[in-house]
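Asks: If you read the protein sequences in the order shown, they are chains A and B.
Be aware that the first sequence starts at 1, since it is given in the numbering used here, and climbs by one per residue.
Be aware that the second sequence starts at 1001, since it is given in the numbering used here, and climbs by one per residue.
I am attaching a structure below and will ask some questions about it afterwards.
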Amino acid sequence: MDAWGALLDAYSLPFMARALMVLLVLSLVAGIVGVLVNLRGLEFISDGLTHAVFPGIAIGFVWGGREGLFAGAIVAAVLTAVVLAVLMRRAVPVDAAIAIVFTAMFSIGVIVVSRETNYVGQLEQLLFGRLLTISVVEVVQTVVICAIALLLVAVTLKEQLFRAFDRTGSSAVGYRPFVLDLVLNVAIALVVVAASSAVGTLLVLAVLIVPGAVARLVTVRLWLLFPVAAVFAAVAAWLGLSLGYLASVGAGVNLPSGATVVLVLVSGYALALVGRLLLDRVRALRPLPAAVR
Amino acid sequence: MDYFSTALLAAAVIGALCGLVGSLVVLRRRTFFAQALTHATFPGAVGAAMLGLSIPLGAFVASIAIVGIMTLIGRVRRQGSQVASGIVLTAGFALGVLLQALNPSLPVHVDSFLVGSILTTTGSDIGLAAGVLGLAVLAVVFFGKELLLSTFDPNGYRAAGYREWPVELLTLGLITATVVTAMPAVGAILAIALIAAPAAAARLLARTVGQILIAAPVLGATAGISGVLLSRALDVAAGPAIALTAAAFFLLALAVRQAPLPGRQPPDQWFPDPRPDRPAGHRSCRNPGQPRVEVMKRNTWQREAVRTALSDTVGFVSVQGLHSRLHATGSPIGLATVYRALADLAGEGEADCLQSPDGESLYRACSTTDHHHHLICRHCGLTVEIEADAVETWAKNVAAEHGFTQAAHVVDVFGLCAACTAASAATTAIA
């Protein structure tokens, strides 16, 4: 098994193709929702939402089996998104409020799961997903919910950007900050729900945070942020999946697929960071061109 | 001691530790940082287990590396501390998972890492936590002044000539040590609950920072003990029970604050937001509607010296300016004391306080503690105290028209004084 085989031929296997399909959809999400998360500084809220979904999944599973998972997760995530949007308007420091909400939700989930089902298996599955055993139905569910989230953001994209760069100006012109926050929070929540049962909360969080940060390092042009983040996420997902496949088929090492993709994403970030720091240093040293002087 | 009393003791000590350090975390807004730290120490713990070393030691070494990386990313343009926390969180956790998957026989498991197991804590775990608690108490007792000044007035702190990194290092060290010691007992996620919830609840109810620093550890220890008791009574996992108790304390505090009892000040004035978005420009420090808090006046010699120096000064002066003036006359008074004395004088209405455009607080002695207004020169700081009967009548009438009682106001008029106007006109004429 050579590298080319892992990069191309592996995806003729249906389970690899399904995993890649889901990750490509998530890359598109990273390109739009992820960039907004970065611009608005909502990393901690995304993190909180990934934990807060847990009780929904647990209760949904106990109540309705596998079909209950999605319904439960959506209820829990949207509820948390609304609670967080309300708490952001209060006097409590936002970060403390997020931490309290998500730890409380997560605790409820742990209690439900530990009383009802196989506790460890459930928790690990939520965290790391089953990237390679996704069913066709789950692929369709993920695509549809991500599409709704993308639509929500796309409709309000201009307003969201306005709010991200000029919060006072945006509300002075008459956009309602609470509504915009709510839309974005709900969109993040939907993405978390759509992806966490399939790829795990860890990977969702990485997809929401890392590509946006990379795009910010690579370009200062606003409209380039979106394609750069999406393409970066897609390439990293492809490389990560192939690497996991190569390791398990070629070398017999069983790498967890979700964690491998995350580490490829983060390695890409590290490269971009070092590149940016070097570039800045070179620019600082080089004298300005004569025309500018 | 049986395992249950050990668990109770562990919950009390760790709860108190998390509450105390949590007050610093909440006041300095470092919750996401603490959260990232808990997740990112995972590979350190797994690595230590692989090498056969102590797990808290591995986690501690990992967290030092992580704090370094986060500081680096936080300083890069267009990245910032949120991005740093997010990257480190996902990367650290993924690395831990990968290491663990490659060594499935290791005793470090994801679920116990996330929710902990307080029923299996040992005496040495408790000893470690008690040691860190002792250090945290010492830090607050000896460096409390610097910690609070840098938290609530970073500009004033810098202006006062302190350097920021020692305090930053101290708080980061305390947070890291707390996270590392609390994690084996309550887990990564629930450590965050114990750090954030008691401190946030205390902040809602307390009127002074001192009260927060006392109430938060008490609330934390209470949450720990009642969580363990509840977990036995209801037969649920201990960690989640502790976290939910802590969250319930916070909800209770929120409810109490929303419904002020008669005789209490309205909630907005209980405790100022430590880092409000300050608009640039002059602004009066005194909240116009706020009743003056009756503090016991500590008329020490330092205070008298500050009062005298202030009344000998014409116009507004910065804390540092007054301090160097005092030093020039041979007074050994400390800068922090000057700062506190001026804040007290301003609170009691004996001094006026303004924010300069770069955020520094400026003070000036009032000739009278009665209600009055100022005319202030924007250029040279010359200040004239003025009576404004028209304003008083107008304020009273307009308040009454809208059914407001106990109306109060602050009116300061800024402009160029006669001398500065003449000077400015002269410069313009020459130009």
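Think of the CB as a built atom: it goes at the ideal place given N, C-alpha and C, for glycine as much as any other residue.
Note that the structure is a prediction, hence the values are computed from the model and not measured.
Buried or exposed for R1264(B), going by 16 or more other Cβ atoms inside 10 Å?
Replies: Residue numbering aside, residue 1264(B) sits at position 264 when the second sequence is read from its first letter. Residue placement at R1264(B) is poorly supported in this model, since its pLDDT is 44, which falls under 50; the coordinates still yield a value, given next. Exposed is the label assigned to R1264(B), since fewer than 16 other Cβ atoms lie within 10 Å of its Cβ.
Asks: Taking only beta-carbon atoms, is Q1211(B) less than 7 Å away from chain A?
Replies: Counting from one through the second sequence, the residue named residue 1211(B) turns up at place 211. No, Q1211(B) lies away from the interface with chain A (no Cβ there is under 7 Å from its Cβ).
Asks: Taking buried to mean at least 16 other C-beta atoms within 10 Å of its own C-beta, is Q1258(B) buried or exposed?
Replies: Position 258 of the second sequence holds residue 1258(B). So Q1258(B) ends up on the exposed side.
Asks: Sorted by chain position, which residues of the same chain lie with C-beta nearer than 7 Å to E1146(B)'s C-beta, five sequence neighbours on each side aside?
Replies: On the second sequence, residue 1146(B) is found 146 positions in, with the first residue counted as 1. Counting only Cβ-Cβ distances below 7 Å, and skipping sequence neighbours, we find Y1162, V1167.
Asks: Following the continuous beta strand (DSSP E) through H1409(B), name the residue where it begins and the one where it ends.
Replies: Taking the first residue of the second sequence as 1, we reach residue 1409(B) at position 409. Unbroken run through H1409(B): none, as it is neither H nor E.
Asks: Among V1179(B), L1244(B), A1423(B), L1114(B), which one has its Cα closest to the Cα of A1197(B)?
Replies: On the second sequence, position 197 is the one that residue 1197(B) refers to. The residue with the shortest Cα to Cα distance from A1197(B) is L1244(B).
Asks: Going straight from the alpha carbon of L1089(B) to that of E43(A), what length do you get?
Replies: Residue mapping note: residue 1089(B) aligns to position 89 of the second sequence, counting from 1. Residue mapping note: residue 43(A) aligns to position 43 of the first sequence, counting from 1. Between L1089(B) and E43(A), the C-alpha separation is close to 10 Å.
Asks: Report the partner residues of C1366(B) according to the DSSP bridge assignment.
Replies: Mapped onto the second sequence, residue 1366(B) falls at position 366. In DSSP, C1366(B) forms no bridge with anything.
Asks: Going by C-alpha distance, which of H1372(B), S1324(B), M1183(B) is nearest Y1339(B)?
Replies: In the second sequence, counting from the first residue as 1, residue 1339(B) sits at position 339. With distances taken between CA atoms, Y1339(B) lies nearest to S1324(B) out of H1372(B), S1324(B), M1183(B).
Asks: Quick one, which residues of the region 1010–1042 of chain B are near chain A if we go by CB-CB under 7 Å, in chain order?
Replies: So the list reads V1026, R1029, T1031, F1032, Q1035, given in the order they occur along the chain.
Asks: Rank E1348(B), V1046(B), V1256(B) by C-alpha distance to the C-alpha of F1113(B) and give the top, closest one.
Replies: Position 113 of the second sequence, counted from the first residue, corresponds to residue 1113(B). With distances taken between Cα atoms, F1113(B) lies closest to V1046(B).
Asks: Runs of 4 residues minimum, wholly inside the region 1069–1143 of chain B: which ones carry the alpha helix (DSSP H) assignment?
Replies: 1080–1102, 1110–1115
Asks: Among all the DSSP beta bridges, which residues are the ones paired with S1318(B)?
Replies: As a working note, residue 1318(B) is residue 318 in the second sequence. The partner list for S1318(B) (beta bridge, DSSP) reads L1362(B).
Asks: Closer than 7 Å between beta carbons: that is the criterion. Which residues of the region 41–70 of chain A meet it against chain B?
Replies: Per Cβ criterion, the list reads G41, E43, F44, D47, H51.
Asks: To the nearest angstrom, how far is it from the Cα of V1411(B) to the Cα of H1373(B)?
Replies: In the second sequence, residue 1411(B) corresponds to position 411, counting from 1. In the second sequence, residue 1373(B) corresponds to position 373, counting from 1. For the pair V1411(B) and H1373(B), the Cα-to-Cα distance works out to about 6 Å.
Asks: Pull the bridge partners of L1375(B) from the DSSP assignment, please.
Replies: Taking the second sequence and counting its residues from 1, one reaches residue 1375(B) at position 375. L1375(B) is bridged to V1384(B), V1413(B).
Asks: Quick check: what's the CA-CA separation for S1005(B) versus A1185(B)?
Replies: Along the second sequence, one-based indexing puts residue 1005(B) at 5. Along the second sequence, one-based indexing puts residue 1185(B) at 185. Cα to Cα, S1005(B) sits roughly 14 Å from A1185(B).
Asks: Consider the Cβ of A291(A): report whether some Cβ of chain B lies at a distance smaller than 7 Å.
Replies: Sequence index remark: in the first sequence, residue 291(A) carries index 291 (1-based). Bear in mind that the predicted position of A291(A) carries a pLDDT of just 48, short of 50, making it unreliable; the figure below should be weighed with that in mind. Output row for A291(A): interface = no.
Asks: Assuming the contact rule is C-beta atoms closer than 8 Å, G212(A) and N38(A) should be a hit. Round their C-beta distance to whole Å, please.
Replies: Taking the first residue of the first sequence as 1, we reach residue 212(A) at position 212. Taking the first residue of the first sequence as 1, we reach residue 38(A) at position 38. Contact flag correct, Cβ pair sits at about 3 Å.
Asks: Would you mind telling me which residues of chain A sit closer than 9 Å to S1424(B), beta carbon to beta carbon, in chain order?
Replies: Position 424 of the second sequence, counted from the first residue, corresponds to residue 1424(B). Simply none; closest approach about 31 Å.
Asks: Please return the same chain residues whose Cβ sits closer than 7 Å to the Cβ of V264(A), not counting the five positions on each side in sequence.
Replies: Within the first sequence, the letter at position 264 stands for residue 264(A). So the qualifying residues of the chain are A236, L239, G240, L243.
Asks: How should N335(A) be labelled, buried or exposed, when 16 other C-beta atoms within 10 angstroms of its C-beta is the threshold for buried?
Replies: One cannot answer for residue 335(A) here, as it falls past the ends of chain A, which runs 1 to 293.
Asks: Could you compute how far the alpha carbon of L285(A) sits from the alpha carbon of L279(A)?
Replies: As a position in the first sequence, residue 285(A) is number 285, starting the count at 1. As a position in the first sequence, residue 279(A) is number 279, starting the count at 1. For L285(A) and L279(A), the distance between alpha carbons rounds to 10 Å.
Asks: Which of the three DSSP states is assigned to R40(A) in this structure?
Replies: Start at 1 with the first residue of the first sequence, and residue 40(A) comes out as number 40. Note: R40(A) maps to helix in three-state DSSP.
Asks: What does I1087(B) touch in chain A if you count any residue whose Cβ is under 7 Å from its own?
Replies: Working through the second sequence from its first residue, we reach residue 1087(B) at position 87. Within 7 Å Cβ-Cβ: I209, V210, A213, V266, Y269.
Asks: Could you tell me which of A164(A), V101(A), L277(A) sits nearest to L79(A), measuring between CA atoms?
Replies: Mapped onto the first sequence, residue 79(A) falls at position 79. Of the residues A164(A), V101(A), L277(A), the one whose Cα lies closest to the Cα of L79(A) is V101(A).
Asks: Tell me whether the beta-carbon of G59(A) lies closer than 7 Å to the beta-carbon of I98(A).
Replies: Position 59 of the first sequence holds residue 59(A). Position 98 of the first sequence holds residue 98(A). For the sequence presented, residue 59(A) should be read as Ile rather than Gly. Not closer than 7 Å, so no.
Asks: Roughly how many angstroms lie between the CA atoms of V1295(B) and P1154(B), to the nearest whole one?
Replies: Within the second sequence, numbered from 1, the residue matching residue 1295(B) stands at position 295. Within the second sequence, numbered from 1, the residue matching residue 1154(B) stands at position 154. Because V1295(B) sits at a pLDDT of 40, beneath the cut-off of 50, its placement in the model cannot be relied upon, and the point is left open.
Asks: Just verifying my parser: in three-state terms, what is the DSSP assignment at M88(A)?
Replies: Indexing the first sequence from 1 puts residue 88(A) at position 88. Correct three-state label for M88(A): coil.
Asks: Using beta carbons (cut-off 7 Å, strictly below), is T1090(B) in contact with chain A?
Replies: The residue labelled residue 1090(B) in the question sits at position 90 within the second sequence. Chain A contact via Cβ: present.
Asks: Say whether chain A places a C-beta atom closer than 7 Å to the C-beta of A1193(B).
Replies: The residue labelled residue 1193(B) in the question sits at position 193 within the second sequence. True, the Cβ-Cβ gap to chain A drops below 7 Å.
Asks: Using C-beta distances below 8 Å, list every residue in its chain close to E159(A), excluding the 5 sequence neighbours before and after it, in chain order.
Replies: Indexing the first sequence from 1 puts residue 159(A) at position 159. Residues S170, Y175, L180 of the same chain have their beta carbon placed closer than 8 Å to that of E159(A), with the five preceding and five following residues left out of the count.
Asks: With a floor of 4 residues, list each alpha helix (DSSP H) that falls wholly inside the region 1205–1251 of chain B, ordered by position along the chain.
Replies: 1209–1234
Asks: Which class does L255(A) belong to by DSSP, given the choice of helix, strand or coil?
Replies: Mapped onto the first sequence, residue 255(A) falls at position 255. Shown here, L255(A) sits in coil according to DSSP, grouped into three states, outside any helix or strand.
Asks: Relative to the C-alpha of C1366(B), which candidate in E1348(B), H1379(B), C1377(B), H1402(B) has its C-alpha closest?
Replies: Within the second sequence, numbered from 1, the residue matching residue 1366(B) stands at position 366. With distances taken between Cα atoms, C1366(B) lies closest to E1348(B).
Asks: Please state the DSSP three-state secondary structure of D1002(B).
Replies: Taking the first residue of the second sequence as position 1, residue 1002(B) is located at position 2. D1002(B) falls in the coil class under three-state DSSP.
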